[in-house]
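For this note's numbering, count along the sequence shown from 1 and bump the result up by 1. All residues carry an ideal CB built from backbone N, CA and C; glycine is no exception.
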Amino acid sequence: MTLGNKIFWLFLFFIVGVFLSSLEIKIIYLVLGELVVVLAFLFLGIHKSSKTFLILAVLSVLFLVGAVYENVFDYYRFQKNLPEYDIQKVIEGRIVSYPKSTGKSISFLLKTDERKIISVTTTIFDNFSYGDSVRLESAISRLNEKNSYLKKDGVVGTVPFPKIIERKASQEFSFRKELFKLRENFVSVFNKILNRNESSLMSGILLGQESTQFPSDLKLAMKNSGTTHLVALSGYNILILINAIYFALGFVFKRKTNFIVSLLAIVVFVIMTGGEASVVRAALMGALVLLAQNANRVYNFKNSVAAAAFAMILFNPKVIVFDVGFVLSFLALFGIVYLASSLNALVLFKNEFWDGVKKTFFETFSAQVMVIPVLAAYFGGFSLSGLLSNVIILSLVPITMLAGFLVGLAGMIFLPLAKIGGIVLWPLLSFETTVIEFFGSWSLVSVSLGAAGVVFYYLTALFFVRKLFLKAKERELNFGFV
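Structure (structure tokens):
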């Protein structure tokens with residue numbers, strides 16, 4: 002076994018240990034499972050006289066290390082830091098997240114003077130900004146199954162609709178606050194040049210659903226048509242944007258220059274969206290895709306992905322279970338790098354433009370194939386009409402995101418430029434909203450795969466991806482990520 006493969010398995014065992022521990026499986030069961038795995042590897046190693054299995058037996062110890070690390074992290078970050086629940090009292094702190102509006106309420110994260118992070122929900126009539134100091138009166142509630150995803154942000158409790166005693170606007174300079182203002186400027190440009198539905202969709206696709214308020218009819222249509230994930234600002238969306246930028250710049254710059262400019266575009270996008278942790282993680286995944294596309298044949302992509310996942314989980318183990326964007330990022334990345342690259346290598350066009358269009362389509366399609374089960378689980382099922390609507394819309398998402406990005410930048414410099422760009426942007430968004438509303442009016446059955454269905458789906462997908470990958474390798478095609 003090569004050093005690279007040893008490192009890969011070391012990271013993988015650690016990640017699996019963290020994942021299973023995050024599911025709150027008792028440590029005694031994890032120890033017994035590790036014992037079975039070690040004995041199995043030892044048996045195979047001795048029986049087959051294979052050093053590989055013996056090495057895996059040793060490396061599998063990292064499975065327990067990961068489980069223990071998650072437990073220690075949980076204790077010091079949460080169990081040791083729990084507030085007093087269900088007791089009415091005055092709470093003081095500072096807002097440490099961008100206030101998100103649902104149209105009916107506003108929610109934000111508050112870091113209390115005791116350095117505990119709580120999620121606060123208030124009425125839409127309250128006006129809050131990042132960095133504000135807040136004094137309120139309420140009781141802190143425990144997290145439940147519906148809001149357990151907040152653990153990824155270090156949240157230890159929730160405060161629904163408290164009595165606001167005092168709010169003080171922050172007078173100190175905050176770089177992140179300025180970034181949030183930049184995002185608001187983007188939304189303002191879209192609101193000025195587009196109709197409400199188109200503006201909401203553009204803001205959601207490019208900046209995330211928290212950046213704008215969706216009309217109730219459009220929100221319902223997106224839910225019924227299975228397209229809500231388009232505005233989730235997951236790693237999936239960002240990977241699509243990055244690939245679209247790389248494709249477009251390919252007509253202007255040479256390969257190496259395109260790579261550098263695309264990396265700078267990633268940095269600009271992260272800044273534009275407020276530098277939130279989920280966006281930074283997805284941007285890192287996008288950078289890995291660009292690296293895979295520009296590296297030579299000896300570049301070991303799977304090790305880079307494993308190392309990136311290891312680093313992110315080491316920093317915050319809760320993301321592997323409670324952050325759907327984290328999971329979508331890696332699944333979409335796998336689809337783009339392995340499935341899409343295999344299809345691109347096997348299907349060739351002589352015309353450079355159409356070959357680029359084909360490449361973008363395969364990347365979008367491959368990412369969608371890999372994330373469907375997770376989307377179905379996270380959004381409570383995947384409608385049959387959603388399959389059709391996504392096939393139609395996803396092919397336009399890359400150019401829509403790229404056009405929206407450029408129009409937004411132009412609008413902040415000189416608004417008439419954005420109005421000119423809107424001539425290209427509006428037809429795309431108008432068509433997409435029409436598709437969403439059309440399929441949203443269908444009443445087809447929603448499909449839920451279940452745990453067994455998800456496992457079967459991914460095993461089948463891995464089988465076919467491997468077949469395609471090996472077929473492409475047989476033709477001695479250079480992928481750049483072997």
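task: Please indicate yes or no: does the CB of Val325 lie closer than 8 Å to some heavy atom of the ligand NAP?
output: The ligand NAP is absent from the structure shown, which contains no ligand whatsoever.
- prompt: Counting pairs of Cβ atoms below 8 Å between the region 326-334 and the region 284-292, do you hit three or more?
  reply: yes
message: Under 8 Å: do the region 154-165 and the region 194-211 share three or more Cβ pairs, one atom per stretch?
response: no
Residues bridged to Pro161 [DSSP beta-bridge criterion]: In the sequence shown, counting from the first residue as 1, residue 161 sits at position 160. Partner(s): Thr122.
Residue from Tyr70, Gly132, Thr365 whose Cα sits closest to the Cα of Glu173: Within the sequence shown, the letter at position 172 stands for residue 173. Closest option to Glu173, Cα to Cα, is Gly132.
field: Nonlocal neighbours in the same chain, by C-beta distance under 6 Å from Leu231, ignoring five residues either side
entry: Your numbering for residue 231 matches position 230 in the sequence shown. Result list for Leu231: Ile206, in chain order.
task: Mark Phe248 as exposed unless 16 or more other C-beta atoms lie within 10 angstroms of its C-beta, in which case mark it buried.
output: Residue 248 sits at position 247 when you count from the first residue of the sequence shown. The residue in question, Phe248, is buried, as its Cβ has 16 or more Cβ neighbours within 10 Å.
message: Quick check on the DSSP output: what are the complete beta strand (DSSP E) runs of length 3 or more inside the region 146-232, in order along the chain?
response: 156-161, 164-169
- prompt: From Ala377, Ala308, Asn345, Leu291, pick the residue whose C-alpha is nearest to that of Val325; which is it?
  reply: If you number the sequence shown from 1, residue 325 lands on position 324. Of Ala377, Ala308, Asn345, Leu291, the residue nearest in Cα terms is Ala377.
- prompt: When DSSP builds the beta bridges, which residues end up paired with Leu137?
  reply: Here the question's residue 137 lines up with position 136 in the sequence shown. Beta-bridge annotation (DSSP): Leu137 is paired with Ile92, Ile165.
message: Just to confirm, is the Cβ distance from Leu418 to Thr401 under 9 Å?
response: Within the sequence shown, residue 418 is the residue found at index 417, counting from 1. Within the sequence shown, residue 401 is the residue found at index 400, counting from 1. Taking C-beta atoms as the reference points, Leu418 and Thr401 fail to come closer than 9 Å.
- prompt: Are the region 218-226 and the region 248-262 in contact at 8 Å, needing three or more beta carbon pairs?
  reply: no
message: Taking the alpha helix (DSSP H) that Leu407 belongs to, which residues open and close that run?
response: One-based indexing of the sequence shown puts residue 407 at position 406. Segment 398-414, the alpha helix (DSSP H) holding Leu407.
Ser149 classed as buried or exposed, judged by whether at least 16 other C-beta atoms fall within 10 angstroms: In the sequence shown, the residue the question calls residue 149 occupies position 148. Counting Cβ neighbours within 10 Å, Ser149 comes out exposed, since fewer than 16 surround it.
- request: Tell me where the beta strand (DSSP E) around Ile107 begins and ends.
  value: If you number the sequence shown from 1, residue 107 lands on position 106. That run of the beta strand (DSSP E) goes 106-113.
- request: Under 7 Å Cβ to Cβ from Phe363, same chain only, skipping five residues before and after it: list those, please.
  value: On the sequence shown, residue 363 is found 362 positions in, with the first residue counted as 1. These residues qualify, in order along the chain: Ala341, Leu344, Asn345.
query: Which term fits Asp87, buried or exposed, when burial requires 16 or more other beta carbons within 10 angstroms of its beta carbon?
result: Position 86 of the sequence shown, counted from the first residue, corresponds to residue 87. Asp87 should be labelled exposed.
query: Out of curiosity, what's the CA-to-CA distance linking Leu40 and Ala58?
result: By one-based count along the sequence shown, residue 40 stands at place 39. By one-based count along the sequence shown, residue 58 stands at place 57. Each residue's Cα considered, the two are about 8 Å apart.
message: Below 8 Å on the Cβ atoms is my contact criterion, and I expect Ile194 with Gly412 to pass it. Report the Cβ-Cβ distance as a whole number of Å.
response: For the purposes of this step, residue 194 is taken as the residue at position 193 of the sequence shown. For the purposes of this step, residue 412 is taken as the residue at position 411 of the sequence shown. Rounded, the Cβ-Cβ distance is 7 Å, consistent with contact.
- prompt: Can the beta-carbon of Ile243 be found closer than 9 Å to that of Leu292?
  reply: Position 242 of the sequence shown, counted from the first residue, corresponds to residue 243. Position 291 of the sequence shown, counted from the first residue, corresponds to residue 292. Result no, Cβ atoms of Ile243 and Leu292 do not sit closer than 9 Å.
- prompt: Three or more C-beta pairs closer than 8 Å, one from the region 60-79 and one from the region 22-37: is that the case here?
  reply: yes
- request: Determine which residues share a DSSP beta bridge with Ser142 and list them.
  value: Looking up residue 142 in the sequence shown gives position 141. Bridge partners of Ser142: Thr159.
task: Apply the 10 Å Cβ neighbour rule to Arg184 and answer buried if 16 or more other Cβ atoms are within range, or exposed otherwise.
output: As a working mapping, residue 184 is identified with position 183 in the sequence shown. With 16 or more other Cβ atoms from the protein chains shown falling within 10 Å of its own Cβ, Arg184 counts as buried.
- prompt: On the three-state DSSP scale, how would you describe Lys420?
  reply: The count along the sequence shown starts at 1 and reaches residue 420 at position 419. Correct three-state label for Lys420: helix.
message: I'd like the list of long-range same chain contacts for Ser139, defined as Cβ closer than 6 Å, with 5 residues on each side in sequence excluded.
response: For the purposes of this step, residue 139 is identified with residue 138 of the sequence shown, where counting begins at 1. For Ser139, where only same-chain residues beyond five positions count, the Cβ hits under 6 Å are Val160, Pro163.
message: By alpha-carbon positions, which one of Phe126, Ile28, Glu93 ends up nearest to Leu110?
response: Indexing the sequence shown from 1 puts residue 110 at position 109. Among Phe126, Ile28, Glu93, the Cα nearest to that of Leu110 belongs to Glu93.
- prompt: How far does the alpha helix (DSSP H) with Trp355 in it reach, from first residue to last?
  reply: Numbered from its first residue, the sequence shown carries residue 355 at position 354. 353-379 is the span of the alpha helix (DSSP H), which, as asked, contains Trp355.
message: Our contact map puts Phe9 next to Phe311 with C-beta atoms below 8 Å; I'd like the distance itself, whole angstroms only.
response: By one-based count along the sequence shown, residue 9 stands at place 8. By one-based count along the sequence shown, residue 311 stands at place 310. The pair is not a contact, with the Cβ atoms about 10 Å apart (cut-off 8 Å).
- request: Select from Thr229, Ile414, Lys112 the residue whose C-alpha is nearest the C-alpha of Val97.
  value: As a first step, residue 97 must be located in the sequence shown, where it is residue number 96. The candidate whose alpha carbon is nearest that of Val97 is Lys112.
- request: Would you mind sorting Ser217 into buried or exposed? The rule is 16 or more other CB atoms within 10 Å of its CB.
  value: Here residue 217 is taken as the residue at index 216 of the sequence shown, counted from 1. The residue in question, Ser217, is exposed, as its Cβ has fewer than 16 Cβ neighbours within 10 Å.
field: First through last residue of the alpha helix (DSSP H) which encompasses Leu83
entry: As a position in the sequence shown, residue 83 is number 82, starting the count at 1. Neither: Leu83 is in no alpha helix (DSSP H) and is coded neither H nor E.
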